[in-house]
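Undergrad: In our numbering, the protein residues as written are 2 to 61. In this text, a Cβ means the ideal position worked out from N, Cα and C, and glycines have one as well. From a predicted model like this one, the values you see are computed outputs, not experimental measurements. Got a structure for you, written out below as structure tokens; questions coming shortly.
Laid out in structure tokens, this is it:
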């Protein structure tokens, strides 16, 4: 498995409700993908304690 050289662009997170967040982004530029990207890992952290509150994997 090869790791992309670039990162998703224009990442945005908006609170939909008190218990949900909508996350969106533009994909890693094609020349920086190093192959097919199969999934993204998303973590939600507490900004004060820096503890991970929830992790999700988005399969493509």
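(1) Does any residue of chain C have a CB that is nearer than 8 Å to the CB of residue 37?
(2) What does DSSP give as the partner residue(s) for residue 49 in the beta ladder?
(3) By DSSP's criteria, residue 25 is part of a beta bridge. Which residues make up the other side?
(4) Three-state secondary structure (DSSP) at residue 56?
TA: Per the coordinate set shown:
(1) As a matter of chain content, chain C is missing from the structure shown, which is built from one protein chain.
(2) Residue mapping note: residue 49 aligns to position 48 of the chain shown, counting from 1. None; residue 49 has no bridge partner.
(3) Your numbering for residue 25 matches position 24 in the chain shown. Under DSSP, residue 25 forms a beta bridge with 13.
(4) Counting from 1 along the chain shown, the entry for residue 56 is found at position 55. Correct three-state label for residue 56: strand.
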